[in-house]
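Just below is one structure, and these are the notes that go with it.
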Amino acid sequence: MALVFLAALCAVASIITLPSESADSYRQESQGECTSPVCQETAQALLASMDFTVNPCQDFYRYACGGWIDSHPTPPEKSTYTAFDALIDEVADNVASI
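If you want our numbering, it's the 1-based position in the sequence shown plus 94.
Laid out in structure tokens, this is it:
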């Protein structure tokens, strides 16, 4: 019984310790500026999704998402269209082309 308790205690201790170590290494790695092509593409897509003509204090949603809303009109057959819907459509198109 004591052996089972000791094993469970070690398992819990390792579970608690592992995330903090990986979080620390992530923080150290993310200190610098990412200049890889993937980072640049992601930053460009994020900036394109924003609407800098809107005051974020007046309409933060429009400021943060207005560019995406303007460049992705809702299809007539749908009542709403989100980034997740666009991703589903893109994946469906990619699968259909296989």
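Positions of the beta carbon are idealized from the N, C-alpha and C atoms, including for glycine.
Note that the structure is predicted; figures quoted are calculated from it, not measured.
Next item on the list: Specify, as a first and last residue, the run of the alpha helix (DSSP H) that V189 falls within.
Entry: Taken as a continuous stretch (DSSP letters only), the alpha helix (DSSP H) holding V189 covers 177-190.
Check: Using the rule of at least 16 other Cβ atoms within 10 Å of the residue's Cβ for burial, across every protein chain shown, is V189 buried or exposed?
Finding: exposed
Next item on the list: Can you tell me the Cβ-Cβ gap for A177 and W162, rounded? I've got them flagged as a contact below 8 Å.
Entry: 7 Å
Checklist line | Range of the contiguous alpha helix (DSSP H) that encloses P131 | finding: 131-142
Check: Which value, in whole angstroms, describes the spacing of the CA atoms of A158 and Q138?
Finding: 14 Å
Notebook entry, point to check: Residues in its own chain within less than 8 Å of L140 by CB, not counting five upstream and five downstream?
Noted result: Answer for L140: no residue qualifies.
Item checked: Integer-rounded CB distance, given that G160 should sit under 8 Å from D145 -> 3 Å
Next item on the list: Give every residue of the same chain whose Cβ lies closer than 8 Å to the Cβ of S191, excluding the five residues on either side of it in the sequence, and list them in chain order.
Entry: Residues of the same chain with their beta carbon placed closer than 8 Å to that of S191 are lacking, with the five preceding and five following residues left out of the count.
Next item on the list: Give the straight-line distance between the Cα atoms of E171 and D183, rounded to the nearest whole angstrom.
Entry: 13 Å
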